[in-house]
Amino acid sequence: MDAIALLKADHKTVETLFRKFEKAGDNAKKLKRKLVDQIIRELAVHAVIEEQVFYPAIRAKAGKLEPQVLEALEEHHVAKWLLSELDSLPPEAERFDAKVSVLMENIRHHVKEEEEELFPKVRKAFSPRELKDMANALTVAKKAAPTRPHPRAPDTPPGNVVVGAVSTVLDMGRDAVRAVRRKATPSKKPTRKTSTKGGTKGALPIPSLSADSHATM
Numbered sequence: 002m003d004a005i006a007l008l009k010a011d012h013k014t015v016e017t018l019f020r021k022f023e024k025a026g027d028n029a030k031k032l033k034r035k036l037v038d039q040i041i042r043e044l045a046v047h048a049v050i051e052e053q054v055f056y057p058a059i060r061a062k063a064g065k066l067e068p069q070v071l072e073a074l075e076e077h078h079v080a081k082w083l084l085s086e087l088d089s090l091p092p093e094a095e096r097f098d099a100k101v102s103v104l105m106e107n108i109r110h111h112v113k114e115e116e117e118e119l120f121p122k123v124r125k126a127f128s129p130r131e132l133k134d135m136a137n138a139l140t141v142a143k144k145a146a147p148t149r150p151h152p153r154a155p156d157t158p159p160g161n162v163v164v165g166a167v168s169t170v171l172d173m174g175r176d177a178v179r180a181v182r183r184k185a186t187p188s189k190k191p192t193r194k195t196s197t198k199g200g201t202k203g204a205l206p207i208p209s210l211s212a213d214s215h216a217t218m
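Converting from the sequence shown to this note's numbering requires adding 1 to each position, the first position being numbered 1.
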């Protein structure tokens, strides 16, 4: 697999998630939250590896494509802000679905421009060997990429490489905490009825003794 095939595979993965979201019913809040979490992760990683490897390589070897790269970086910037807002927005929020729709429109436009305009030009500018080497670099970058959007972070080397390494460590901890919180769904506490001297019955909550109830965030 060369660099362009790898990036197209990422695009396909994200588009599959988009379609699943579009098919989800209005009341499928839990499913939509799960899908958006996956979309955030996929797009955060994809944006970083393009910014750390793909775009710098294009600017270094095919200077005439720099205007398209700069436009792509701006599209990334807009998408990251949407992703960062969705990251903390509950699926019950009034604008949750609308914000996802805007994100999908922007990403689909970005993907269309890359696949129909930028990628063919990159394939002409780079040899097959160079594109395969770039794919290896993208794969390595993907393993160490932040999993959440950081719209205020630099998006060009060397700043994005340094900040990205720090963000990756922070994201690992945040992802772990987020996973625990979202798995802990509120449930009704069972009740037991006890009789008083007067014969009246009242419902007393049975305290939860699960380990999760003692966890702190």
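Backbone N, C-alpha and C fix where the C-beta goes; we use that ideal spot for every residue, glycine too.
The distance from the Cβ of Val54 to that of Leu139 is about 5 Å, consistent with a contact at the 8 Å cut-off.
With fewer than 16 other Cβ atoms inside 10 Å of its own Cβ, Val141 counts as exposed. Counting of Cβ neighbours within 10 angstroms places Lys62 among the exposed residues, the total staying below 16. With 16 or more neighbouring CB atoms inside 10 Å of its own CB, Glu52 falls in the buried class.
Fewer than three Cβ pairs drawn from the stretch 75 to 84 and the stretch 9 to 27 lie within less than 8 Å of each other, which leaves the two stretches out of contact.
Residue range Ala4 to Lys24 is occupied by the alpha helix (DSSP H) that includes Glu16. The Cβ atoms of Pro92 and Lys30 lie closer than 8 Å to each other.
Bounds of the alpha helix (DSSP H) holding Pro121 are Phe120 to Ala126. Annotation for Gln69: Leu119 place their beta carbon closer than 6 Å to its own, counting only its chain and skipping 5 residues before and after. Take the alpha-carbon of Glu131 and the one of Ala146: they are about 22 Å apart. Across the set Ile108, Ala154, Ile50 and Arg42, the C-alpha of Ile50 shows the shortest separation from the C-alpha of Ile5. The continuous alpha helix (DSSP H) containing Asp38 extends over residues Lys30 to Ile50. Of the residues assessed, Ala10 falls on the exposed side of the cut-off, its CB having fewer than 16 other CB atoms within 10 angstroms. Here DSSP, grouped into helix, strand and coil, assigns Leu90 to coil. The beta carbon of Ile41 lies closer than 6 Å to those of Leu84 and Asp88 in the same chain, with the five residues before and after it left out. One thing to note: Glu116 has its Cβ no nearer than 8 Å to the Cβ of His47.
Between the alpha carbons of Lys100 and Glu106 lies a gap of roughly 10 Å. For Thr14, same chain residues with a beta-carbon under 8 Å away, outside a window of 5 residues either side, are Glu43 in chain order. Inclusion of His110 and Ala73 in the CB contact set at 8 Å is not warranted, their separation being larger than that value. Sorting Glu16, Leu36 and Arg60 by C-alpha distance to the C-alpha of Val123 places Arg60 at the top. In the displayed model, Thr157 falls within coil according to three-state DSSP, outside both helix and strand.
The Cβ-Cβ distance between Asp3 and Ala126 does not fall below 8 Å.
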